[in-house]
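Participant: Handing you a structure now.
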Amino acid sequence: MTAVGAIRPVLAGTLRLGAALLAWGFLALAWLPVGRGLPAGLDVHFLLAPPRLLGAGGGIGSVLLATGILLVLSAVLLVAGALPVGIGLWLARRENWRWPDALADMLLAVPSIVFGLVMLTAARAVDLGPSLMLGAATLSIMVLPLFARGIGEALSNLDPLWHRGAAALGLPLGLTIRRILLPRVLPAIREAFLLALGRAAGETAALLLVVGTGFATDWSPLSPQRVLSVHITELALHVPGGRPQAFRAAAVLAVLVLLMEWPLFAGRRSDS
1499 MTAVGAIRPV LAGTLRLGAA LLAWGFLALA WLPVGRGLPA GLDVHFLLAP PRLLGAGGGI
1559 GSVLLATGIL LVLSAVLLVA GALPVGIGLW LARRENWRWP DALADMLLAV PSIVFGLVML
1619 TAARAVDLGP SLMLGAATLS IMVLPLFARG IGEALSNLDP LWHRGAAALG LPLGLTIRRI
1679 LLPRVLPAIR EAFLLALGRA AGETAALLLV VGTGFATDWS PLSPQRVLSV HITELALHVP
1739 GGRPQAFRAA AVLAVLVLLM EWPLFAGRRS DS
């Protein structure tokens, strides 16, 4: 056995151990808000009651509702925008064009606050201000490269015989994608969608600019609203005595994201 062959199992074991320790570290960090928020009590009153005293009292009812509306709007815009972009990435790969993938990677590296500034500037140019709709548009654009890359990867990993068989039958490309290819990669598309939406659910920096920090006075999508991640930030940094409520709200957000991502873990366990 060569020296490289002898070292390889040790290196692989070290990498697995490091990955396991890193994963447990992330889980411990994720548990901090849940562990501090749950003992304070996450009762029905806290989940449904409106905030009082700038959020230091009462509950998170209106904030939770605004968060739900924001995520639904973001999901609709994300699916509408990312599906054609993902298909475009796949078609570009078939032609050996690499720049669309590089552009998607560059967009993934842009800080979220930059997206918020750009979207707020564009909204001000047409006499609009912070709102749920602007927040949904910002989130969908921000995570669109992540979802689109997932769609493109899923189509690229599909057995090419499906596409070749459809081409041999003379089926149009659009019909082939819609009726043959996409149905076979729906599980992978669902995973990419949940990952992107989970990424959007915890966003804060951009939402501080494009959604606003005030509590809801009406429920128009064109009105500013305070959502959960912004509420946590405001309580922790700007509201005297707001830390206990911030940890309770953070526990709710952590549980919400875990519930959103749970189908990923459940699906992988069933596959194994």
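Sequential numbering of the sequence shown, starting at 1499, is according to our numbering. Glycine included, C-beta positions come from ideal geometry on N, C-alpha and C.
1. In the DSSP assignment, the alpha helix (DSSP H) including I1585 goes from what residue to what residue?
2. Report the start-end ranges of each beta strand (DSSP E) in the region 1675-1758 that is 3 residues or longer and not cut off at the edges.
3. Within a Cβ cutoff of 7 Å, which residues of the same chain sit near L1606, ignoring the five residues on either side of it in sequence?
4. With DSSP run on the structure shown, which of helix, strand or coil describes G1516?
5. Give me the Cα-Cα distance between A1749 and M1604, rounded to the nearest whole angstrom.
6. Rounded to the nearest angstrom, how far is the Cβ of V1574 from that of P1628, given a contact under 8 Å?
7. Thinking just about the alpha-carbon of each residue, which of F1691, L1692, A1665 is nearest to the one in L1493?
8. Nearest-angstrom Cα distance between L1546 and L1576?
9. Measure how close the beta-carbons of A1698 and I1611 come, nearest whole angstrom, since I'm counting them as under 8 Å.
10. Please classify L1735 as buried or exposed, where buried requires at least 16 other C-beta atoms within 10 Å of its C-beta.
11. Could you tell me whether the region 1736-1746 touches the region 1550-1570, using the rule of 3 or more Cβ pairs below 8 Å?
12. Out of L1757, P1598, L1733, P1722, which one is the CA nearest neighbour of A1564?
13. Just to confirm before moving on: does the CB-CB distance between L1618 and L1751 stay below 9 Å?
14. Ignore the nearest five residues each way along the sequence and tell me which others in F1713's own chain have a CB closer than 7 Å to its CB.
15. Classify P1459 as buried or exposed, calling it buried when 16 or more other Cβ atoms lie within 10 Å of its own Cβ.
16. My understanding is that W1588 touches L1653, with C-beta atoms under 8 Å, so please give their C-beta distance in whole angstroms.
17. Here's a check: name, in chain order, each residue in its chain whose Cβ is nearer than 6 Å to the Cβ of F1613, leaving out the five neighbours to either side.
18. Tell whether a beta-carbon distance below 9 Å holds between E1689 and G1650.
19. Span of the alpha helix (DSSP H) holding V1641?
20. Which one or two residues does DSSP pair with G1555 in a beta bridge?
21. Taking the alpha-carbon of S1718 as reference, which of L1671, V1755, L1726, L1632 has the nearest alpha-carbon?
22. Taking only three categories from DSSP, how would you classify D1541?
23. Please return the same chain residues whose Cβ sits closer than 7 Å to the Cβ of F1727, not counting the five positions on each side in sequence.
Facilitator: Straight from the coordinates:
1. 1559-1592
2. none
3. P1643, L1644
4. helix
5. 32 Å
6. Contact doesn't hold; Cβ gap of about 19 Å is too wide.
7. The requested residue 1493 is not part of the displayed model; the chain covers only 1499 to 1770.
8. 28 Å
9. Contact doesn't hold; Cβ gap of about 15 Å is too wide.
10. exposed
11. yes
12. P1722
13. no
14. P1549, S1560, R1724
15. Residue 1459 falls outside the range modelled here, since the chain spans only 1499 to 1770, and no answer is possible.
16. 4 Å
17. T1636, M1640, A1704
18. no
19. 1630-1654
20. R1550
21. L1632
22. coil
23. One detail in the question is off: residue 1727 reads as Ser in this sequence, not Phe. These residues qualify, in order along the chain: G1700, E1701, T1702, L1705, L1751.
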